[in-house]
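Numbering (the numbering used here), first residue to last: 227 to 384. Note that beta-carbon positions come from the ideal geometry of N, C-alpha and C, so glycine has one too.
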């Protein structure tokens with residue numbers, strides 16, 4: 227049961243590329259959450275997920291001391307994807323359009339986050355070198371912020 231949340235309901239055990247599977251789970255879960263929530267509630271759920279994700283990842287790492295950033299822990303990818311789509315969530319909260327009409331933004335958000343998560347530029351690289359749960363979670367938060375900026379630019383352009 228200690229693996230349930232850090233692996234995002236065992237998605238992290240899918241192979242190959244568990245991080246990509248985790249990111250896909252993040253974007254899909256956000257898509258469905260948007261049918262049930264507004265911007266404020268989504269932000270609240272994101273904050274709760276960051277806190278709970280950090281705590282459960284910390285516990286997972288304590289129980290698996292031989293692993294510093296286990297590939298099966300994908301809650302950080304979910305968090306990063308949710309941060310990436312924050313501009314989209316905001317626009318959808320106030321715009322007169324359906325989430326389906328902005329499908330290109332959803333696809334862009336997915337690939338943009340994966341790019342920043344894999345390339346690890348700047349603060350993403352710095353956070354990736356931190357030890358423990360903080361490093362596991364924080365690099366994806368920074369990658370999500372960088373990707374969110376590209377989503378914001380795309381939303382302005384379209």
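Just checking my contact of residue i with residue j at CB under 8 angstroms: how many whole Å lie between their CB atoms?
i: residue 294; j: residue 245; result: Residue 294 to residue 245, Cβ: 15 angstroms. No contact.
i: residue 373; j: residue 335; result: 7 angstroms
i: residue 252; j: residue 331; result: Contact doesn't hold; Cβ gap of about 15 angstroms is too wide.
i: residue 370; j: residue 320; result: Their Cβ separation, rounded to whole angstroms, is 21 angstroms, which puts residue 370 and residue 320 out of contact at 8 angstroms.
i: residue 268; j: residue 260; result: 7 angstroms
i: residue 265; j: residue 316; result: 5 angstroms
i: residue 247; j: residue 237; result: 5 angstroms
What residue from the options has the CA that sits closest to residue i's CA?
i: residue 249; options: 342, 351, 358, 375; result: 342
i: residue 243; options: 272, 299, 256; result: 299
i: residue 233; options: 264, 263, 265, 286; result: 286
i: residue 384; options: 237, 239, 329; result: 329
Looking only at its chain, what residues have a beta carbon closer than 7 angstroms to the beta carbon of residue i, apart from the 5 residues adjacent to it on each side?
i: residue 313; result: 374, 377, 378, 381
i: residue 354; result: 346, 361, 365
i: residue 358; result: 284, 287
Which same chain residues end up closer than 8 angstroms to residue i when comparing Cβ atoms and leaving out the 5 residues on each side of it in sequence?
i: residue 231; result: 278, 279, 282, 301
If I measure Cβ to Cβ from residue i and keep anything under 6 angstroms in the same chain, skipping five residues before and after, which residues do I get?
i: residue 256; result: 308, 311
Assuming residue i is part of the alpha helix (DSSP H), what are its boundary residues?
i: residue 316; result: 312-320
i: residue 379; result: 358-383
i: residue 390; result: The shown model of the chain, from 227 to 384, leaves out residue 390, and the question about it has no answer.
With a threshold of 8 angstroms between beta carbons, is residue i in contact with chain D?
i: residue 337; result: Absence of chain D from the displayed structure is noted, only one protein chain being present.
TODO: Would you list, in sequence order, the uninterrupted alpha helix (DSSP H) runs of no fewer than 4 residues that lie entirely inside the segment 232-265?
DONE: Counting only unbroken stretches of 4 or more residues, the alpha helix (DSSP H) elements lying wholly within the segment 232-265 are 244-259, in sequence order.
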